[in-house]
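First comes the structure, then the notes that go with it.
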Amino acid sequence: MTELPKTFDPADIESRWYAHWEEKGLFRPERPDATPFTIVNPPPNVTGSLHIGHALDNSLQDIVVRYERLRGKDALWVVGTDHAGIATQMVVERQLNAQQQKRTDFTREQFVDKVWEWKAESGGAITRQLRRLGCSMDWANERFTMDEGFSKAVIKTFVELHKRGLLYRDKRLVNWDPHFRSAISDLEVETVETKGGFWRFRYPLADGVTLADGSDHIVVATTRPETMLADMAVAVHPEDPRYKDVIGKDILQPITGRRFKVVADEHADPELGSGAVKITPGHDFNDFDVGKRAGFKAGEMLNMLDADANVVQTADGLIPDRFLGLHRFRKDGVDGAREAVVAEMKALGFLVPHVTKNKEGEEVSADFEPRIIQTPFGDRSNVVIEPWLTDQWYVDAEKLAVAPMQAVRDGAIEIVPKTWEKTFFNWMENIQPWCVSRQLWWGHQIPAWFGPKMENGRTTTETEIFVAVDEDAAKAAAQAYYGPNASIYFADFELRNSPQKVVSDADWQSGNFVLLTRDPDVLDTWFSSALWPFGTLGWPEPTDKLSRHYPGDLLISGFDILFFWDARMAMQGMEFMGDVPWRKLYLHGLVRAADGQKMSKSKGNVVDPLGLIDKFGADALRFFMAAMESQGRDVKMDEKRVEGYRNFATKLWNAARFLQSNGVTASTSHEAPAAALPVNRWIIAETVATVQAIDTAMTELRFDAAANAIYHFVWDQFCDWYIELTKGAMDDETRAVAGWAFDQILVMLHPFMPFITEELWHLTGERANELIVARWPQALAAVDTDAQAEIDWLIRLVSAIRTARTELNVPPGAKLPMVVRDAAEATQRRLDRQGVALARLGRVESLTFGEPPAGGAAQIVVDEATFILPLEGVIDIDAEKTRLAKALAAAEKERDSLGGRLSNPSFVEKAKPEAVAKAREDHAEKTAEADRLKAALDRLG
């Protein structure tokens, strides 16, 4: 047995043990006959770096996996990374830009090769950082959403969904990101309050028509004037009396001269503005729905912007040339279409000015009313998102959502905390079609090929789509469609209008050929990651791993990806596997700054978990995450608490050194040793109770309860009391019990603090195996309730003596006599057995029964007995009473003042939440202080 050093270095221990575990395959020991336990890690972006949210999420997962592994299960923690379409393409494009190159300088294949090169060189940062945290993942089978096997699963899923009528191509409005020139999902849009304007314009009624009040125009208002270049209607409420007579009449757009109808639609609010709204169905989600109700087909809706959000000509050719090519609004200091439209409408006399009065009461006119606008931004590009009408691929999420919702209702999926069920159902019941195509080069290219549609035996300009797993299958489908004599050719999308560059001379001359081009778009990253629970296990092949480890037992996830990922996994898993992807879904909160604010780079309050690991060690950070993770609440970052858990590790280390110096070695038994002494029977009972508490907490996924149970057992029962009670009394029985109890501590603490526990496991004796694959303690040892009660009584008595001495300013070195009154026979026997320990720990000089001598004394009541400490000549009793009374009055005054503030509704409702919380904390502190001081005064009589 190696002598323990006085101190330990977390960095040395962590790097050494992690490498050992991984090298020996201990994260996934062979246990073919054991009960499987499976958990899948939310695959981090291959571009990512470990942030504080990762630290929370992965610490919780690792705690569960290590716990189940210690319980003898075949624990599989599936690990891998996500190809992160937009994020990765953005990183590589920036790299090219730094070299004075851009993506379009290369072919698609060349660019994709460069992305793979980047991944090989730089894509492993996040996985190395997860190792630093101590994550015991199945690295030997690490997956990537773009690896060959997983890509096969993605393509198979797309083809099958299309075959089942659950995936289709449609022209709809999407959230278009002009920076990436790609559609993004609703969940990737961040709404930000920005300073904007509210413009009002007159649209003249056509053909001499007027309103009931004689007006020859309708006033419409908008926050996006540039979109009027694609207006197709003006909507009014069907019951609005101002406009009833003009519903169905024509109205004119002044700049384009376009004639369109005044339509009736309840989307128009008579109480808002003029009650009339301009309708641009090709550039606004609400207007799109109004347009459909008005009878416009998606293909007929006008589009006025290109992929870069620059103005292009509409299908009717009515936008004046002077607007073509302008950006949608001011960009890089250059006026755009918005500014040009407003200027022209003003020049034409159709702008309704916004009139206010200044301080002098004079009217002041402005072009628009200033307003705070809820503006959608791309969460990665930070560019304003444009609703854009385009052809995309959609999954029928409404149908796929039915089975997961039923699974939650039936209990096949348990959501923890249960309060999240309402949010889950609200989203799933109102789910929209899921747009799964993205206009990128990096990702799974959509397995769909476009060819000409046949009509009456001839090809047309319309499109026929062939969805297939590969080119051969697409060719076979096309051959069946076009006939056996047609020559089928494939061409890059860019060559779709240049068939002569692809087909043979003979076929070119005969014209008997068909050119197929593959859809250049790729699939949404979340489409592929939705297959993670079964795609990583070998599906679509029927592997042994798949049958053994699907469905998983648990998914631990931040609530912020409940809809991004969790719900979609449930949809795809139930559609393709016929079963839930996991039986339990645990949703944790966010890690916030110490003041409760959300962390952000702009606020400068982001905490780097790697910096915390460097400073305090991974064990301390992991334990902090577990101890602070309370169901339904966010975690407030507190570096002092992390430091406190580093001190906890130090206390454990020092306890091991004490035991070693007293001849205590590793236990040779999994079962508790035989014990006769009450103190040993007590620590065995406390160990069993702690095992039971942790087991209960882990079953309920109460990480804070589990962490606190082991923390208080180690710090309070074992280190503060058991070691103190056994000092100077280390016989063979006590050494055996102490060694056994300390071994149980190392096993129970291992899921939370894997590194220091593994180190101590080996430094405290010879071991047959590593701690990571040891056996979880049994909660079956016989519990001696009499011994438990006796030592608990001793602890309460010593604690009360120490408290009284401290509060009354008794000199630390002074030994006091103790007089016991009203003690039952059982208490007297306890005093007889525990007298030596009481004298040492309570600084008790002598022990007698009966009445105390005259003079001042401190009285302590424990159960039925009163323990009296004479203080005459030890302290100045009158001065001490005066001091305590003065301190009590001050504490009560502050307590009552704070209580008054908290009982004032004006303060509680109007003050900042953090100020109210601080006042409550201070009030509780002063209340406890007053109670303590009053108890001290009462003791003096």
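Residue numbers (my numbering): 184 to 1124.
In this text, a Cβ means the ideal position worked out from N, Cα and C, and glycines have one as well.
- Task: Provide the residue span of the alpha helix (DSSP H) that contains Ser-1130, from first to last.
- Result: Because residue 1130 is not part of the residues shown, which for the chain are 184 to 1124, the question remains open.
- Query: If we ignore side chains and look at the alpha-carbon of each, how far apart do Gln-875 and His-627 end up?
  - Reply: The residue you call residue 875 lines up with position 692 of the sequence shown. The residue you call residue 627 lines up with position 444 of the sequence shown. For Gln-875 and His-627, the distance between alpha carbons rounds to 48 Å.
- Task: Output the boundary residues of the alpha helix (DSSP H) element that contains Arg-277.
- Result: Numbered from 1 along the sequence shown, position 94 holds the residue referred to as residue 277. Taken as a continuous stretch (DSSP letters only), the alpha helix (DSSP H) holding Arg-277 covers 268-281.
- Task: Give every residue of the same chain whose Cβ lies closer than 8 Å to the Cβ of Gly-208, excluding the five residues on either side of it in the sequence, and list them in chain order.
- Result: Within the sequence shown, numbered from 1, the residue matching residue 208 stands at position 25. Once the five neighbours on either side are set aside, the close Cβ partners of Gly-208 are Ala-323.
- At what residues does the beta strand (DSSP E) containing Trp-571 begin and finish? As a first step, residue 571 is located in the sequence shown; it is residue number 388 there, counting from the start. Residues 569-578.
- Query: CA-CA distance, Gln-814 and Glu-1092?
  - Reply: Locating residue 814 in the sequence shown gives position 631, where the first residue counts as 1. Locating residue 1092 in the sequence shown gives position 909, where the first residue counts as 1. When rounded, the distance between both Cα atoms is 26 Å.
- Query: Measuring CA to CA, which of Asp-762, Arg-1013, Lys-335 and Glu-552 is closest to Asp-653?
  - Reply: Locating residue 653 in the sequence shown gives position 470, counting from the first residue. Selected option, being the one with the closest Cα: Lys-335.
- Message: I need the boundaries of the beta strand (DSSP E) containing Tyr-351, first residue and last residue.
- Response: Residue mapping note: residue 351 aligns to position 168 of the sequence shown, counting from 1. Its beta strand (DSSP E) spans residues 350-360.
- Task: Within its chain, find whatever has a CB closer than 7 Å to the CB of Ile-1060; leave out the 5 residues flanking it on each side and keep chain order.
- Result: By 1-based counting over the sequence shown, the position of residue 1060 is 877. The answer, listed in chain order, is Gly-1039, Leu-1054 and Leu-1123.
- Task: For Ser-232, I'd like the list of residues in its chain whose CB is within less than 7 Å of its CB, leaving aside the five on either flank, ordered along the chain.
- Result: Indexing the sequence shown from 1 puts residue 232 at position 49. Taken in chain order, the residues that qualify are Ala-308, Ile-309 and Gln-312.
- Task: Enumerate in chain order the residues of its own chain whose CB-to-CB distance from Arg-383 is below 6 Å, with the five nearest sequence positions on each side excluded.
- Result: For the purposes of this step, residue 383 is taken as the residue at position 200 of the sequence shown. The residues Val-402, Ala-404 and Val-535, in chain order, have a CB closer than 6 Å to that of Arg-383 in the same chain once the five nearest residues on each side in sequence are set aside.
- Query: Which word fits His-732, buried or exposed, when buried means at least 16 other C-beta atoms lie within 10 angstroms of its C-beta?
  - Reply: Position 549 of the sequence shown, counting from 1, holds the residue named residue 732. So His-732 counts as buried.
- Item | Three CB pairs or more closer than 8 Å across the stretch 776-795 and the stretch 253-268 | no
- Message: Can you confirm whether the stretch 989-998 touches the stretch 955-964 when touching is taken to mean that 3 or more C-beta pairs between the two stretches lie within less than 8 Å?
- Response: no
- Item | Rounded straight-line distance, which links the Cα of Glu-1108 to that of Ala-1100 | As a working note, residue 1100 is residue 917 in the sequence shown. As a working note, residue 1108 is residue 925 in the sequence shown. Cα-Cα distance, rounded: 12 Å.
- Item | Cα-Cα separation between Asp-433 and Ala-413, rounded to whole angstroms | The residue given as residue 433 occupies position 250 in the sequence shown. The residue given as residue 413 occupies position 230 in the sequence shown. If I take the Cα positions, the gap works out to 16 Å.
- Query: Per DSSP, what kind of secondary structure is Pro-193 in: helix, strand or coil?
  - Reply: If you number the sequence shown from 1, residue 193 lands on position 10. It is helical.
- Counting only the same chain and skipping the five closest in sequence on each side, list residues whose C-beta sits under 7 Å from that of His-400. Stepping through the sequence shown from its first residue, residue 400 is reached at position 217. For His-400, where only same-chain residues beyond five positions count, the Cβ hits under 7 Å are Arg-385, Tyr-386, Pro-387 and Leu-388.
- Going by DSSP, which residues form a beta bridge with Gln-628? Reading the sequence shown from its first residue, position 445 is the one you call residue 628. Under DSSP, Gln-628 takes part in a beta bridge, and its partners are Val-705.
- Message: Would you call the stretch 606-626 in contact with the stretch 575-594, where contact means no fewer than 3 C-beta pairs closer than 8 Å?
- Response: With a cut-off of 8 Å, the stretch 575-594 and the stretch 606-626 count as touching, because enough Cβ pairs lie within range.
- Query: Are the beta-carbon atoms of Val-494 and Phe-506 separated by less than 8 Å?
  - Reply: Position 311 of the sequence shown, counted from the start, is the residue given in the question as residue 494. Position 323 of the sequence shown, counted from the start, is the residue given in the question as residue 506. By the CB criterion at 8 Å, Val-494 and Phe-506 fall inside the cutoff.
- Given a cut-off of 8 Å, decide if Ala-888 and Ala-880 are closer than it, judged by their beta-carbon atoms. For the purposes of this step, residue 880 is taken as the residue at position 697 of the sequence shown. For the purposes of this step, residue 888 is taken as the residue at position 705 of the sequence shown. Contact: yes.
- Task: Please report how far the alpha carbon of Val-223 lies from the alpha carbon of Met-487, in whole angstroms.
- Result: The sequence position of residue 223 within the sequence shown is 40, counting from 1. The sequence position of residue 487 within the sequence shown is 304, counting from 1. When rounded, the distance between both Cα atoms is 45 Å.
- Item | Cα-Cα separation between Leu-356 and Ile-629, rounded to whole angstroms | By one-based count along the sequence shown, residue 356 stands at place 173. By one-based count along the sequence shown, residue 629 stands at place 446. In a straight line, the C-alpha of Leu-356 is about 20 Å away from that of Ile-629.
- Task: Below 8 Å on the Cβ atoms is my guess for Trp-156 versus Leu-350; work out the distance and round it to an integer in Å.
- Result: Coverage of the chain is limited to positions 184 through 1124, which leaves residue 156 absent and any answer about it impossible.
- Task: Answer yes or no: do His-607 and Val-591 have a C-beta to C-beta separation smaller than 8 Å?
- Result: The sequence position of residue 607 within the sequence shown is 424, counting from 1. The sequence position of residue 591 within the sequence shown is 408, counting from 1. Sequence check: residue 607 is Phe here, not His. A contact, by the Cβ cut-off of 8 Å.
- Have a look at Ile-955, Gly-1025, Val-460 and Ala-987 and flag the residue whose alpha-carbon is nearest the alpha-carbon of Val-981. Taking the first residue of the sequence shown as 1, we reach residue 981 at position 798. Here the closest residue by C-alpha is Gly-1025.
- Query: To the nearest angstrom, how far is it from the Cα of Gly-634 to the Cα of Val-248?
  - Reply: Residue mapping note: residue 634 aligns to position 451 of the sequence shown, counting from 1. Residue mapping note: residue 248 aligns to position 65 of the sequence shown, counting from 1. If you take the alpha carbons of Gly-634 and Val-248, they lie about 51 Å apart.
- Give me the Cα-Cα distance between Met-757 and Ile-939, rounded to the nearest whole angstrom. Within the sequence shown, residue 757 is the residue found at index 574, counting from 1. Within the sequence shown, residue 939 is the residue found at index 756, counting from 1. So the two alpha carbons sit approximately 42 Å from each other.
- Can you grab the Cα-Cα spacing for the pair Phe-210 / Arg-254, in whole Å? The residue you call residue 210 lines up with position 27 of the sequence shown. The residue you call residue 254 lines up with position 71 of the sequence shown. Cα-Cα distance, rounded: 14 Å.
- Along the chain, which unbroken stretches of the alpha helix (DSSP H) at least 4 residues long are found entirely within the stretch 856-928? 861-882, 886-895 and 906-909
- Short check: CB of Gly-379 to CB of Ile-556, under 8 Å? Here residue 379 refers to the residue found at position 196 of the sequence shown. Here residue 556 refers to the residue found at position 373 of the sequence shown. Closer than 8 Å, so yes.
- Message: Between which two residues does the beta strand (DSSP E) holding Trp-610 run?
- Response: The sequence position of residue 610 within the sequence shown is 427, counting from 1. Counting along the chain, Trp-610 falls outside any beta strand (DSSP E), though it belongs to the alpha helix (DSSP H) covering 603-612.
- Rounded straight-line distance, which links the Cα of His-771 to that of Glu-812: Indexing the sequence shown from 1 puts residue 812 at position 629. Indexing the sequence shown from 1 puts residue 771 at position 588. Roughly 8 Å between the two C-alpha positions.
- For Pro-226, which residues from the same chain have a beta carbon less than 7 Å from its beta carbon, with the 5 sequence-adjacent residues on both sides left out? Your numbering for residue 226 matches position 43 in the sequence shown. The residues are Gly-263, Thr-264, Asp-265, Thr-328, Ser-712 and Trp-715.
- Can the beta-carbon of Leu-1067 be found less than 8 Å from the beta-carbon of Leu-1120? Position 884 of the sequence shown, counting from 1, holds the residue named residue 1067. Position 937 of the sequence shown, counting from 1, holds the residue named residue 1120. Yes.
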